[in-house]
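Undergrad: Numbering (this note's numbering), first residue to last: 5 to 306.
For glycine and all other residues, C-beta sits at the position ideal for the given N, C-alpha and C.
Sharing a structure with you now.
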């Protein structure tokens, strides 16, 4: 079963770069619902593989959540919702800033790691198993809605965007981070996607959230004033082999791709493609320094 990870270049071209075109669900309502359930069950299973927390620590990705919380000036007592929170990238620093945080994720194993991290940090977060496409929260609940490299992996982007706006209070703020299609990680995701089963047509490509034009489309008419900024941080690995191992061993969808490629004899091809990608980021001392570019989206509801 496919997982919400396949990241082919998005399907329609736009003045601002690339953008995705939503495709209707299958004509039979029962078939459509079952396909959607299957996709989400597969995503839940795949993201539970590996050691996502170890990968984020290696990457330094937790600093992005801290920076997002700082940029949005999270205040004590604010109601904050972290959507597709993973292991607490944004939720934990928001709680450390004094906010009342609700963090939602589809994968129970991610939430277990997040709870341990929050306990270690001495902060309180309400961890909720739930779906970014159907947030278990009332309308207008949040002063601030965040997602760092999370809601981009939900299958139907328009549904997710509507949910983010629905739970946002009047004058509420929005902060999102997503990998850009033309960055190193955009290429990385496309390599991995080439070794995964193809998603149903209704599944939107995650990298579309890293395209300003597409994000403007998603929130058109929502009453949000949006701002966009491309930002880059460096991920350092000890060597090319260490870089490949970091993702193959710890990032669930890449682990799945390796298993599938091994089963049909294509693992050497996948390994060679990943090795080539990271070799292009190699420094003279053998370290791999990856420029990790992402799109930072901030907004305020009128």
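In the structure shown, what three-state DSSP assignment does residue 205 receive?
TA: Position 201 of the chain shown, counting from 1, holds the residue named residue 205. Three-state result, residue 205: coil.
Undergrad: From residue 137 to residue 33, what distance separates their C-alpha atoms?
TA: Numbered from 1 along the chain shown, position 133 holds the residue referred to as residue 137. Numbered from 1 along the chain shown, position 29 holds the residue referred to as residue 33. About 17 Å.
Undergrad: Within 10 Å of its beta-carbon, does residue 38 have 16 or more other beta-carbons around it, so buried, or fewer, so exposed?
TA: Locating residue 38 in the chain shown gives position 34, where the first residue counts as 1. Exposed.
Undergrad: Between 150, 45, 186, 197, which lies nearest to residue 177 when the distance is taken from Cα to Cα?
TA: Here residue 177 refers to the residue found at position 173 of the chain shown. Ranking the options by Cα distance to residue 177, first place goes to 150.
Undergrad: To the nearest angstrom, how far is it from the Cα of residue 43 to the Cα of residue 204?
TA: The residue you call residue 43 lines up with position 39 of the chain shown. The residue you call residue 204 lines up with position 200 of the chain shown. Going by the C-alpha atoms only, they are around 8 Å apart.
Undergrad: Look up residue 120 in the DSSP assignment and say whether it is helix, strand or coil.
TA: Numbered from 1 along the chain shown, position 116 holds the residue referred to as residue 120. Of the three classes helix, strand and coil, the one that applies to residue 120 here is helix, per DSSP.
Undergrad: Of all the beta strand (DSSP E) runs that stay within the bounds of the segment 79 to 111, which reach a length of 3 or more residues?
TA: Listed in chain order, the complete beta strand (DSSP E) runs (minimum 3 residues) inside the segment 79 to 111 are 83 to 87, 104 to 109.
Undergrad: What separation, rounded to the nearest whole angstrom, lies between the Cα atoms of residue 262 and residue 201?
TA: The sequence position of residue 262 within the chain shown is 258, counting from 1. The sequence position of residue 201 within the chain shown is 197, counting from 1. Going from the Cα of residue 262 to the Cα of residue 201 covers about 12 Å.
Undergrad: To which residues of the same chain is residue 182 closer than 7 Å at the C-beta, ignoring the five residues directly before and after it?
TA: Residue mapping note: residue 182 aligns to position 178 of the chain shown, counting from 1. 153, 156, 213, 214, 298, 299, listed in sequence order.
Undergrad: If distances are taken between C-alpha atoms only, which option among 259, 49, 251, 269 comes closest to residue 282?
TA: Position 278 of the chain shown, counted from the first residue, corresponds to residue 282. Comparing Cα positions, the closest option is 251.
Undergrad: Mind checking whether residue 172 and residue 144 have CB atoms under 9 Å apart?
TA: Indexing the chain shown from 1 puts residue 172 at position 168. Indexing the chain shown from 1 puts residue 144 at position 140. Yes. Within cutoff.
Undergrad: Are the CB atoms of residue 50 and residue 256 within a distance shorter than 9 Å?
TA: Within the chain shown, numbered from 1, the residue matching residue 256 stands at position 252. Within the chain shown, numbered from 1, the residue matching residue 50 stands at position 46. Cβ distance < 9 Å, so residue 256 and residue 50 count as in contact.
Undergrad: If residue 253 and residue 90 are in contact, beta carbons under 8 Å, what's the gap, nearest whole angstrom?
TA: The sequence position of residue 253 within the chain shown is 249, counting from 1. The sequence position of residue 90 within the chain shown is 86, counting from 1. Contact flag wrong, Cβ pair sits at about 17 Å.
Undergrad: Pull up the distance between the alpha-carbon of residue 101 and that of residue 73, whole angstroms please.
TA: Counting from one through the chain shown, the residue named residue 101 turns up at place 97. Counting from one through the chain shown, the residue named residue 73 turns up at place 69. Their Cα atoms are separated by approximately 8 Å.
Undergrad: Does the segment 209 to 228 touch the segment 280 to 295, meaning 3 or more C-beta pairs lie closer than 8 Å?
TA: No: fewer than three Cβ pairs fall under 8 Å.
Undergrad: Would the beta-carbon of residue 133 fall within 9 Å of that of residue 163?
TA: Here residue 133 is taken as the residue at index 129 of the chain shown, counted from 1. Here residue 163 is taken as the residue at index 159 of the chain shown, counted from 1. In this structure, residue 163 does not lie closer than 9 Å to residue 133 by Cβ.
Undergrad: For residue 131, report the span of its beta strand (DSSP E) as first-last.
TA: In the chain shown, residue 131 corresponds to position 127, counting from 1. Per DSSP, residue 131 belongs to the beta strand (DSSP E) from 129 to 133.
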